[in-house]
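Enquirer: Residues in the sequence shown are numbered from 127 upward in steps of one, following our numbering.
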Amino acid sequence: MSLLMLLLLSCNLPLLVSSSLFFSSSSLKRSPLAFHSTTSSKSRSQKIRNGYNRIDNTAFMSNSPQLCPSLISHQTSFRGGGKNLITSSLSPQEVIETCVSIDTFAPQFLWLPMIAAPSSNATKKIMGPITPILALAAVHLLTVILAASQEGALSQVLVFQEVFDPSMSQLGGMQKMFAFPNFVAEEWPHVLIWDLFVGRAIWLDGL
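Written as structure tokens, this is what we have:
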């Protein structure tokens, strides 16, 4: 029996050796690739982490103005725009134009209830007090003050004297005055507010 086992082993020994050599060589061939793939995946993960760290350090953790110039420029432009907006809204000429618009259109809405429903309680509550007239007069006063403070206001006053000079043409003097925008800004609201004041007095007398 032992002799038979020895014979079988001797016959199969070359096959066993060749098989072991084949598997060992194939495993050696595969191992560098697997090692390389594992190493490359680790390196990629490390690069990604390093990239995130660089972004965090430069964009969020650093206070240097050179790292976020676009953000700082937007903030600066917004602040500058706010200052320009405030400055432009306080421009005297723009305030004058706004006041003229208010004194032009507001009286029209105050005339409507006195004409359409003179005896209604709503009209009495709106036009009974003199508050609307005083509010429009305050807007007109602001227009006069701003217009009088503009450059060339004194020369307009000298031209206005021609209107009350009997030796000169009053119509010609008024034509000269209406050539000045600030004079028109003063005169036009004055006419509208005065007409509303007189119309309110007539409405009150008719109640």
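All residues carry an ideal CB built from backbone N, CA and C; glycine is no exception.
#1: In angstroms with no decimal places, state the Cα-to-Cα distance between phenylalanine 306 and alanine 279.
#2: Is the separation between the beta-carbon of leucine 268 and that of valine 221 shorter than 9 Å?
#3: Can you find the residues in the same chain that come closer than 8 Å, C-beta to C-beta, to isoleucine 252, ignoring five residues on each side of it along the sequence?
#4: Take the Cβ of valine 226 as the centre, count every other Cβ of all protein chains shown within 10 Å, and call the residue buried at 16 or more, exposed below.
#5: What residue from Gln219, Thr224 and Ile256 has the CA that sits closest to leucine 330's CA?
#6: Indicate whether valine 265 and proline 218 have their beta-carbon atoms separated by less than 9 Å.
#7: Tell me whether the beta-carbon of proline 233 lies closer than 9 Å to the beta-carbon of isoleucine 319.
#8: Going by the CB atoms, is the gap between glutamine 276 and methionine 303 shorter than 9 Å?
#9: Hey, would you say valine 317 sits closer than 9 Å to methionine 300, going by beta carbons?
#10: Using beta-carbon positions only, say whether serine 245 and leucine 322 come within less than 9 Å of one another.
#11: Using three-state DSSP, classify glutamate 220 as helix, strand or coil.
Expert: By the coordinates alone:
#1: Translated into positions along the sequence shown, residue 306 becomes position 180. Translated into positions along the sequence shown, residue 279 becomes position 153. In a straight line, the C-alpha of phenylalanine 306 is about 10 Å away from that of alanine 279.
#2: In the sequence shown, counting from the first residue as 1, residue 268 sits at position 142. In the sequence shown, counting from the first residue as 1, residue 221 sits at position 95. Yes, Cβ-Cβ distance for leucine 268 and valine 221 is below 9 Å.
#3: Residue mapping note: residue 252 aligns to position 126 of the sequence shown, counting from 1. Excluding residues within five positions, the ones whose Cβ falls inside 8 Å are Leu236, Pro239 and Pro258.
#4: One-based indexing of the sequence shown puts residue 226 at position 100. It is buried - the Cβ of valine 226 has at least 16 other Cβ atoms within 10 Å.
#5: Looking up residue 330 in the sequence shown gives position 204. The alpha carbon of leucine 330 has as its nearest neighbour, out of Gln219, Thr224 and Ile256, the alpha carbon of Ile256.
#6: Against the sequence shown, residue 265 aligns to sequence position 139. Against the sequence shown, residue 218 aligns to sequence position 92. No; because the gap between Cβ atoms is not below 9 Å, this pair is not in contact.
#7: Taking the sequence shown and counting its residues from 1, one reaches residue 233 at position 107. Taking the sequence shown and counting its residues from 1, one reaches residue 319 at position 193. Yes, the pair counts as a contact, with Cβ atoms nearer than the cut-off.
#8: As a working note, residue 303 is residue 177 in the sequence shown. As a working note, residue 276 is residue 150 in the sequence shown. Result no, Cβ atoms of methionine 303 and glutamine 276 do not sit closer than 9 Å.
#9: Against the sequence shown, residue 317 aligns to sequence position 191. Against the sequence shown, residue 300 aligns to sequence position 174. Contact flag unset, no.
#10: Your numbering for residue 245 matches position 119 in the sequence shown. Your numbering for residue 322 matches position 196 in the sequence shown. No, the pair does not count as a contact, with Cβ atoms beyond the cut-off.
#11: Here the question's residue 220 lines up with position 94 in the sequence shown. Residue state, collapsed to three classes: helix.
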